[in-house]
Amino acid sequence: MLSHRKGRAPHITVVTAEPLPTRLASLGFGTGDIDAIYHICFEELEEAVQSVDSKKERTALEVLAEGDRLSDYNDLVSVLATG
Numbered sequence: 008m009l010s011h012r013k014g015r016a017p018h019i020t021v022v023t024a025e026p027l028p029t030r031l032a033s034l035g036f037g038t039g040d041i042d043a044i045y046h047i048c049f050e051e052l053e054e055a056v057q058s059v060d061s062k063k064e065r066t067a068l069e070v071l072a073e074g075d076r077l078s079d080y081n082d083l084v085s086v087l088a089t090g
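Numbers in this note's numbering are just positions in the sequence shown, counted from 1, shifted up by 7.
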């Protein structure tokens with residue numbers, strides 16, 4: 008639908024509590040229709056990934072966060088206020 012839309016497209020976001028960064032990566036690097044993913048427990052997710060010590064999960068989380076594909080839910084308010 009977005010590819011046929013005329014004018015400015017809306018900011019498409021996902022709000023989630025998904026505990027596995029590898030699953031989040033499928034959204035973050037999927038078709039490109041999603042602009043951002045906001046996690047309601049972002050800090051807790053980072054702590055959990057570090058405590059499990061899974062290289063696959065840690066890498067997925069780092070790539071998503073550093074690429075601005077995954078952010079803390081608390082950041083969404085400022086994004087909406089400036090948009």
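Positions of the beta carbon are idealized from the N, C-alpha and C atoms, including for glycine.
What residue range is occupied by the uninterrupted alpha helix (DSSP H) comprising residue i?
i, result
"Leu87", "83-89"
"Phe49", "49-59"
Looking at residue i: is its Cβ nearer than 8 Å to the Cβ of residue j?
i, j, result
"His18", "Asp42", "yes"
"Thr29", "Lys63", "yes"
"Leu83", "Ala32", "no"
Nearest by alpha-carbon distance to residue i: which of the options is it?
i, options, result
"Tyr45", "Arg65, Gln57, Ala24", "Ala24"
"Thr48", "Asp79, Gly35, Val86", "In the sequence under discussion, the amino acid at residue 48 is Cys, which differs from the Thr named in the question. The candidate whose alpha carbon is nearest that of Cys48 is Asp79."
"Pro26", "Leu34, Glu51, Thr20", "Glu51"
"Gly74", "Phe36, Val21, Val22", "Phe36"
So who's on the other strand from residue i, going by DSSP bridges?
i, result
"Thr29", "Answer by DSSP bridge pairing: none, since Thr29 is not bridged."
"Tyr80", "Tyr80 pairs with nothing; no bridge assigned."
"Ile44", "Val21, Leu77"
Straight-line CA distance for residue i to residue j?
i, j, result
"Glu91", "Leu68", "Here the chain covers residues 8 to 90 and nothing more, so residue 91 does not appear."
"Thr89", "Leu34", "24 Å"
"Val56", "Arg65", "6 Å"
"Arg76", "Val59", "22 Å"
"Thr20", "Asn81", "14 Å"
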